[in-house]
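Colleague: Mapping to UniProt numbering: the sequence shown position 67 is 67, numbers consecutive.
The beta carbon of each residue, even a glycine, is placed where N, CA and C say it ideally should be.
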Amino acid sequence: MRDQVHHSTAGYKTAADTYVRGRPDYPPQVADWLSATLDLNADKTVIDLGAGTGKFTARLVSTGAQVIAVEPVPQMLEKLSTTFPGVLAVNGTATDLPLPDASVDVVVCAQAFHWFASADALTEISRVLKPGGKLGLVWNLRDTRVGWVPKLDAIVNALEDDTPRFYTGAWRHAFPHPAFGPLREQHFSHSHTGAPEDVIFNRVRSTSFIAALPAQGRARVDEQIRALIANEPELRDKDVVTVPYETVAFVAVKKGR
1 MRDQVHHSTA GYKTAADTYV RGRPDYPPQV ADWLSATLDL NADKTVIDLG
51 AGTGKFTARL VSTGAQVIAV EPVPQMLEKL STTFPGVLAV NGTATDLPLP
101 DASVDVVVCA QAFHWFASAD ALTEISRVLK PGGKLGLVWN LRDTRVGWVP
151 KLDAIVNALE DDTPRFYTGA WRHAFPHPAF GPLREQHFSH SHTGAPEDVI
201 FNRVRSTSFI AALPAQGRAR VDEQIRALIA NEPELRDKDV VTVPYETVAF
251 VAVKKGR
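1) List the whole-angstrom C-beta distance separating Arg23 from Arg203, where the pair is believed to meet the contact cut-off of C-beta under 8 Å.
2) Could you name the residues that DSSP lists as bridge partners for Tyr245?
3) Since Ala230 sits in a beta bridge, which residues does DSSP pair it with?
4) Short of 6 Å in beta carbon distance, which residues of its chain neighbour Arg127, apart from the five on each side in sequence? Order them along the chain.
5) Straight-line CA distance for Gln111 to Ala211?
6) May I ask you to verify whether the stretch 40–54 touches the stretch 80–90, counting CB pairs closer than 8 Å and requiring at least 3?
7) Could you tell me the distance, in whole angstroms, from the CA atom of Glu223 to the CA atom of Asn157?
8) Just the C-alpha distance for Ser118 and His173, rounded to the nearest angstrom, thanks.
9) Determine, using beta carbons only, whether Val70 and Asp48 come nearer to each other than 9 Å.
10) Say the cut is 8 Å; is the CB of Pro131 nearer than that to a heavy atom of the ligand MG?
11) Would you kindly report the start and end of the unbroken beta strand (DSSP E) that includes Ile68?
12) Would DSSP call Thr9 helix, strand or coil?
13) Nearest by alpha-carbon distance to Ile125: which of Val138, Ser103, Arg142, Arg145 is it?
14) Is it true that the stretch 178–196 meets the stretch 23–40, where meeting means three or more beta-carbon pairs spaced less than 8 Å apart?
15) Could you confirm whether any beta carbon from chain D is found closer than 9 Å to the beta carbon of Thr207?
16) From Gln216, Lys130, Leu213, Phe113, pick the residue whose C-alpha is nearest to that of Ala170; which is it?
17) Can you say whether residue 322 is buried or exposed, counting buried as having 16 or more other CB atoms within 10 angstroms of its CB?
18) Rounded to a whole number of angstroms, what is the C-alpha to C-alpha distance between Ala230 and Ile68?
19) Taking Cβ to Cβ, would you say Val221 is nearer than 9 Å to Ile155?
20) Hey, could you find the ends of the beta strand (DSSP E) Leu88 is sitting in?
21) Quick one: grab the DSSP three-state call for Lys151.
22) In the DSSP assignment, the alpha helix (DSSP H) including Ile125 goes from what residue to what residue?
23) Once DSSP output is grouped into helix, strand and coil, what is the label at Phe166?
24) Do you know offhand how far Leu40's Cα is from Leu129's?
25) On a CA-only basis, which of Thr123, Val108, Asp153 is nearest Asp96? Give me that one, please.
26) Span of the alpha helix (DSSP H) holding Val61?
27) Less than 9 Å separating the beta-carbons of Gly64 and Val107?
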C-alpha cells in the first residue's frame, strides 16, 4: 500500500472487541439517507471505506447493494469478516484501493474520513467511483449540549495528541476537490442506551489513542470516568444510562456523467 495509517490506529489492534461493545449504532434516519440521498439499492455497488469491525456495514447491507468493505487493520477486518461472511472484505487504504477505475457507485466513510482526509485520498476515491457516483461521510458525535458530555469529552480530548479527529474540522481542508461537487450536510439526533460499562467506559476505551495507552494510562482514564459518574446525578448509581448523540452526514457527487 502506498500510504501508512496513522500511528494512533495501533490501538485498534487490541480494541476490536471493545469497539464492538462500546460504539453506538446509527439512527433510523440513516436508512432514508442511504436510499434517498446516496441512491443505494440492489443494483448498486458500495465501498465501506475504513469499515472497522463493521458497525456501519449492516446499514449498507440492508440497502440490498453489493458491499465491499475496505479496512487496513487486520484485527478489525477479521471481526468484520466473521460478522458479515457474505461481504467482500479486503485490506486496503483510502489512497490505495484494490479496485478498478469507475467500478463502484458509492463510497461511504463512516466514522473514518478524518483518518485519511487529503487530496490524494479524494483523487483515489474518485478513481474508483463511476461518473456521477457519490461519496458519503458519516460521523456519530456525542451531543455536547447535554451538561455532563463536555466533561467526558474533556477527559478524552486531553489525550488526543496529534490524532486526527472530526471535531477539529481539519478533515474539511481536503475540500473543495476538483473531482467532486460541493458537500451537502444533514444532521440526525439519537442516543446510546445501555450499561455504563459499555456506553461510557467501553466507548472511551475503544478510542484509538486511549486503547494505545499503557495499562497504567488506561486505568487512569477509567478512574477519571468513575469520578465523573459519581459527581453527575444523571449517571450516579444508574444501571442503565443514555448517552446523547448527533449524527452528521455529508454527500459529495463525482463530476461527470
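Modeller: Reading off the structure:
1) 7 Å
2) Arg142, His190
3) Ala230 is not bridged to any residue.
4) Asp101
5) 17 Å
6) yes
7) 16 Å
8) 7 Å
9) yes
10) In the structure on display, the ligand MG does not appear, and there are no ligands present to speak of.
11) 66–70
12) Any reading at Thr9 must be qualified, since the residue scores a pLDDT of 43, below 50, and its modelled position is unreliable; no value is offered.
13) Ser103
14) yes
15) No chain D appears in the structure shown, which is made up of a single protein chain.
16) Phe113
17) Here the chain comprises residues numbered 1 to 257, so residue 322 is not present and cannot be evaluated.
18) 44 Å
19) yes
20) 88–90
21) helix
22) 119–128
23) coil
24) 14 Å
25) Thr123
26) 57–61
27) no
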